[in-house]
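Take any residue in the sequence shown, note its place counting from 1, add 24, and you have its number in this note's numbering.
Remarks on the structure that follows.
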Amino acid sequence: MSIPFIDLQAQRAVIADKIDAAIASVLEDGRFINGPALFAFEKALGDFGAATHALGCANGSDALLLSMLALGVGEGDAVFCPAFTFAATAEMIPWTGGTPVLVDILPGSYNIDPAHLRASIEMIEQQGKLKPKAIIAVDLFGRAADYPALKSIADDYGMRLIADSAQGFGCSLDGKQPLHWADMVTTSFFPAKPLGCYGDGGAILTNNDDWAAQVHALRNHGMGENRYEHVRLGWNSRLDSIQAAILLEKLKIFPGEIIARNAVAKRYGEGLKKSLRAVPAVPDDGTCVWAQYTIEHDNRDALAAHLMQHDVPSAVHYPKPLDQQPAYCHYPVGPGGLPVSAAASRHVISLPMHPYLDEKTQNKIINAVNGFNR
Ligand SMILES: Cc1ncc(COP(=O)(O)O)c(C=O)c1O
Numbered sequence: 025m026s027i028p029f030i031d032l033q034a035q036r037a038v039i040a041d042k043i044d045a046a047i048a049s050v051l052e053d054g055r056f057i058n059g060p061a062l063f064a065f066e067k068a069l070g071d072f073g074a075a076t077h078a079l080g081c082a083n084g085s086d087a088l089l090l091s092m093l094a095l096g097v098g099e100g101d102a103v104f105c106p107a108f109t110f111a112a113t114a115e116m117i118p119w120t121g122g123t124p125v126l127v128d129i130l131p132g133s134y135n136i137d138p139a140h141l142r143a144s145i146e147m148i149e150q151q152g153k154l155k156p157k158a159i160i161a162v163d164l165f166g167r168a169a170d171y172p173a174l175k176s177i178a179d180d181y182g183m184r185l186i187a188d189s190a191q192g193f194g195c196s197l198d199g200k201q202p203l204h205w206a207d208m209v210t211t212s213f214f215p216a217k218p219l220g221c222y223g224d225g226g227a228i229l230t231n232n233d234d235w236a237a238q239v240h241a242l243r244n245h246g247m248g249e250n251r252y253e254h255v256r257l258g259w260n261s262r263l264d265s266i267q268a269a270i271l272l273e274k275l276k277i278f279p280g281e282i283i284a285r286n287a288v289a290k291r292y293g294e295g296l297k298k299s300l301r302a303v304p305a306v307p308d309d310g311t312c313v314w315a316q317y318t319i320e321h322d323n324r325d326a327l328a329a330h331l332m333q334h335d336v337p338s339a340v341h342y343p344k345p346l347d348q349q350p351a352y353c354h355y356p357v358g359p360g361g362l363p364v365s366a367a368a369s370r371h372v373i374s375l376p377m378h379p380y381l382d383e384k385t386q387n388k389i390i391n392a393v394n395g396f397n398r
């Protein structure tokens with residue numbers, strides 16, 4: 025049997041009865057939009073994320089757009105984000121009227137480099153054309169960005185801090201989740217994400233009542249307190265009740281799955297450390313949710329071909345940093361360019377990773393990688 029890259033059916037086998045019952049209860053209830061399952065899930069999500077407000081929306085990209093609009097990002101604003109991320113992080117910025125400024129990452133953590141961020145903000149200030157308004161940090165592959173450093177930069181320049189936790193929801197530093205530092209946290213419930221649903225979905229977490237009220241209106245056609253009263257321009261970005269009911273069940277097993285993901289990552293680290301220059305560092309001051317287990321290899325494409333020959337799937341996240349993509353190459357980049365992002369995109373390769381990866385299958389993967397290096 026071939027090895028799945030992410031085995032969603034293994035998770036389904038564990039909670040199939042509960043998911044089926046949850047879906048059936050929404051079908052019987054009939055409130056498919058803004059039903060009780062949505063409010064129950066938003067309450068549970070807020071409790072999990074230590075947030076006063078958790079608001080569901082249509083997907084993780086909309087969660088970013090809703091957050092930026094709620095924070096007042098618009099024309100003439102610069103929004104700083106890493107160049108090494110999934111495109112959605114930067115993609116939403118121009119839709120607000122703002123301009124993405126691409127910043128380099130730190131080697132090893134793949135997260136935005138605070139020193140390069142500061143230099144990039146200084147550069148934009150000196151140019152005097154755009155106003156530094158917000159930072160979007162990404163918890164890439166499930167590891168928390170350096171939030172204490174990012175928060176202090178945001179404070180120094182009077183900027184807002186958004187955590188794009190689409191891949192990192194549930195990650196922490198010193199026991200605190202990104203919202204401890206960020207103004208707003210966004211996530212995606214795309215099925216392959218650590219906390220995924222069975223379709224599209226997303227959410228925004230914040231402790232600020234005003235921003236939550238803005239998101240509330242924006243995601244529902246700009247509606248105010250009263251139905252059919254539209255206080256601002258919005259659109260339809262709702263999380264539907266069936267997805268919320270599914271997520272409510274998945275959230276219950278999520279803490280156990282994070283522990284299981286860390287056990288898988290530990291086994292990878294132990295099995296691969298002799299044959300690789302470096303294995304992903306396990307943060308000793310935090311919890312990584314391991315959306316991906318990503319290694320680096322000088323001969324990445326040959327390794328991918330070798331793994332395929334051994335029936336081991338792999339993926340490249342991401343083959344080009346954003347500044348090398350036609351849709352983003354005209355946006356400003358920080359001073360000195362993005363050498364770490366460029367190197368990472370040449371060398372990274374992700375191995376199968378999910379909480380239900382058993383030891384026997386994982387040993388096959390480890391042996392295939394080690395066999396290439398011998
Ligand atoms: C870092 C990051 N941000 C944002 C998104 C967008 O999420 P969605 O696909 O739900 O719109 C993704 C999803 O792939 C992502 O990986």
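All C-beta atoms, glycine included, are put in the ideal place defined by N, C-alpha and C.
No experiment lies behind these values; they were computed from the predicted model shown.
Thinking residue i and residue j are a contact (beta carbons under 8 angstroms), I'd like their distance in whole angstroms, please.
i	j	result
residue 105	residue 131	Incorrect: roughly 18 angstroms between the Cβ atoms, too far for contact.
residue 29	residue 376	5 angstroms
residue 77	residue 236	4 angstroms
residue 108	residue 252	The Cβ separation is near 44 angstroms, so there is no contact.
residue 62	residue 263	6 angstroms
residue 246	residue 257	5 angstroms
residue 337	residue 144	In fact, because the Cβ distance is near 36 angstroms, the residues do not count as touching under 8 angstroms.
Who pairs with residue i in a beta bridge, going by DSSP?
i	result
residue 184	158
residue 200	197
residue 332	Partner(s): none; residue 332 has no beta bridge.
residue 77	230
residue 106	127
residue 244	260
residue 49	In DSSP, residue 49 forms no bridge with anything.
residue 254	247
How long is the line joining the alpha carbons of residue i and residue j, rounded to whole angstroms?
i	j	result
residue 278	residue 379	10 angstroms
residue 218	residue 314	8 angstroms
residue 57	residue 260	11 angstroms
residue 60	residue 121	35 angstroms
residue 146	residue 47	51 angstroms
residue 254	residue 94	15 angstroms
residue 275	residue 163	19 angstroms
residue 330	residue 353	33 angstroms
residue 67	residue 268	11 angstroms
residue 309	residue 135	16 angstroms
residue 159	residue 204	15 angstroms
residue 75	residue 232	9 angstroms
residue 326	residue 363	23 angstroms
residue 54	residue 64	16 angstroms
residue 390	residue 369	22 angstroms
residue 51	residue 137	47 angstroms
residue 170	residue 191	15 angstroms
Excluding sequence positions up to five away, which residues of its chain have a Cβ less than 8 angstroms from the Cβ of residue i?
i	result
residue 179	none
residue 284	379 and 380
residue 300	319, 320, 321, 393 and 397
Taking C-alpha atoms, which residue in the options lies nearest to residue i?
i	options	result
residue 297	176, 393 and 253	393
residue 42	271, 320, 288 and 363	271
residue 35	215, 240 and 268	215
residue 100	151, 363, 281 and 233	151
residue 290	305, 280, 281 and 300	305
residue 265	240, 85, 311 and 222	222
residue 373	367, 366 and 321	321
residue 281	310, 227, 396 and 194	194
residue 318	293, 309 and 326	293
residue 226	83, 245, 370 and 71	83
residue 81	388, 395, 362 and 239	239
residue 199	181, 324 and 172	172
residue 348	339, 338 and 361	361
residue 385	346, 327, 181 and 288	288
residue 242	391, 54, 96 and 65	96
residue 142	153, 128 and 32	128
residue 184	139, 102 and 359	102
Quick one: what's got a C-beta closer than 7 angstroms to residue i's C-beta in the same chain, skipping five residues either side?
i	result
residue 149	156
residue 133	167
residue 115	85
residue 366	345
What residues in its chain sit with their C-beta under 6 angstroms from that of residue i, if we drop five residues either side in the sequence?
i	result
residue 187	161, 202, 206 and 209
residue 21	This structure cannot settle anything about residue 21, because the visible part of the chain is limited to 25 through 398.
residue 91	186, 208, 210 and 228
residue 181	145 and 156
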